[in-house]
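K.L.:
Take any residue in the sequence shown, note its place counting from 1, add 5, and you have its number in this note's numbering. Every residue gets a Cβ at the ideal spot worked out from N, C-alpha and C, and that includes glycine.
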Amino acid sequence: MVKRESGKYSMGKKKKSKKDKFNNAEVWTEEQYEEYIKGIYGMEFIAGFTENGVPYGTYIDEEDGINDELKIRDISIDSDDEIPF
Numbered sequence: 006m007v008k009r010e011s012g013k014y015s016m017g018k019k020k021k022s023k024k025d026k027f028n029n030a031e032v033w034t035e036e037q038y039e040e041y042i043k044g045i046y047g048m049e050f051i052a053g054f055t056e057n058g059v060p061y062g063t064y065i066d067e068e069d070g071i072n073d074e075l076k077i078r079d080i081s082i083d084s085d086d087e088i089p090f
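1. If we ignore side chains and look at the alpha-carbon of each, how far apart do Y64 and A30 end up?
2. Find the nearest neighbour of E49 within the set Y61, T34, V32, judged by alpha-carbon distance.
3. Looking only at C-alpha atoms, which of N28, I51, G58 sits nearest to E39?
4. Does DSSP classify G47 as helix, strand or coil?
5. Starting from G62, follow the beta strand (DSSP E) in both directions and report where the run begins and ends.
6. CA-CA distance, N28 and Q37?
7. Hey, is Y46 close to the ligand GDP, as in C-beta under 8 angstroms from one of its heavy atoms?
8. What's the C-alpha gap between T34 and Y41?
Put into structure tokens, the structure is as follows:
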């Protein structure tokens with residue numbers, strides 16, 4: 006048994022605090038965190054985060070521009086169609 010300053014005895018076991026629990030945690034910079042989030046969500050650029058922490062911005066497939074011409078063609082074909090009602 007170990008006598009504390011308060012005069013009480015303890016069994017000598019040290020209680021783990023929350024600080025001890027996270028001492029070995031790796032600390033990331035903001036840039037490292039953003040790169041990690043970009044990879045998870047498939048994003049090219051993160052403009053910000055919602056209240057719930059979900060990122061918003063531009064996605065990788067929006068940046069390529071290859072499909073833009075196909076999208077324009079699809080829209081022009083659809084705009085000429087007659088309304089069915």
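P.N.:
Concretely, from the data shown:
1. As a working note, residue 64 is residue 59 in the sequence shown. As a working note, residue 30 is residue 25 in the sequence shown. Approximately 30 angstroms between the Cα atoms of the pair.
2. Residue 49 sits at position 44 when you count from the first residue of the sequence shown. It is Y61.
3. By 1-based counting over the sequence shown, the position of residue 39 is 34. Nearest option by C-alpha distance: I51.
4. Taking the sequence shown and counting its residues from 1, one reaches residue 47 at position 42. In this structure, G47 counts as coil in the three-state DSSP scheme.
5. Sequence index remark: in the sequence shown, residue 62 carries index 57 (1-based). Here the beta strand (DSSP E) through G62 covers 60-64.
6. Along the sequence shown, read from residue 1 onward, the residue named residue 28 stands at position 23. Along the sequence shown, read from residue 1 onward, the residue named residue 37 stands at position 32. Cα to Cα, N28 sits roughly 19 angstroms from Q37.
7. This structure lacks the ligand GDP; in fact it carries no ligand of any kind.
8. Against the sequence shown, residue 34 aligns to sequence position 29. Against the sequence shown, residue 41 aligns to sequence position 36. Roughly 11 angstroms separates the two Cα atoms.
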